[in-house]
Ligand SMILES: [Zn+2]
């Protein structure tokens, strides 16, 4: 009597291993998840990366991360140079150029930094403002390589579902 259920469980548990490997949209296969989360503690993802099929269509060109507190600090996930601070339409935005063509943008964030300022990984970029997720405090984080939007989560976590990523140690030196 229990055999069919057991087989079903086995099949379900094996399913992830038998799926063909494929990267989610916007994932650069060479990316190593070495950045830090821009919020502390590690934020929940309220809305994931959902790029449109065509540039002129609507979509979600980044991720929304929930902050544990209103007005909490937003930190740089990787070192870089501030390339933009200002208001886009009605949203205060800060952009950091990380080199290698990669840029992070955060909104809505109030910042006292200026274009050209250098930031280290973990440095405070500014203060989170409420508004992107209604009354829930969140930041929208977008990552671009050139004009292409990438999924920011690939830089802080490994998105491949069948791989458990161990904590890696930095090489000595
Ligand atoms: Zn968003």
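Residue numbers (the numbering used here): 11 to 183. Cβ coordinates follow ideal geometry from the N, Cα and C atoms, glycine included.
Limits of the beta strand (DSSP E) - the one that residue i falls within
{"i": "residue 114", "result": "112-117"}
{"i": "residue 83", "result": "83-85"}
{"i": "residue 102", "result": "101-109"}
{"i": "residue 93", "result": "90-98"}
{"i": "residue 136", "result": "134-138"}
{"i": "residue 123", "result": "Residue 123 -> no beta strand (DSSP E), and no H or E assigned at all."}
{"i": "residue 67", "result": "Premise fails: residue 67 is in no beta strand (DSSP E) and is neither H nor E."}
Expected contact under 8 Å - CB spacing of residue i and residue j to nearest Å
{"i": "residue 73", "j": "residue 59", "result": "5 Å"}
{"i": "residue 86", "j": "residue 106", "result": "6 Å"}
{"i": "residue 163", "j": "residue 154", "result": "Not confirmed; about 15 Å, so no contact."}
One or two residues paired with residue i in a DSSP bridge
{"i": "residue 74", "result": "57 and 150"}
{"i": "residue 155", "result": "112 and 158"}
Residue i versus the options, residue with shortest Cα-Cα distance
{"i": "residue 51", "options": "77, 126 and 63", "result": "77"}
{"i": "residue 82", "options": "64, 111, 119 and 66", "result": "119"}
{"i": "residue 127", "options": "91, 57 and 138", "result": "91"}
{"i": "residue 117", "options": "146, 139, 70 and 53", "result": "139"}
{"i": "residue 134", "options": "89, 96 and 64", "result": "89"}
(request) Using the beta-carbon of each residue, find all residues closer than 6 Å to any heavy atom of ligand 1 and list them in chain order. (result) Every residue passing the under-6 Å Cβ criterion appears here: 57, 70, 72, 74, 142 and 150.
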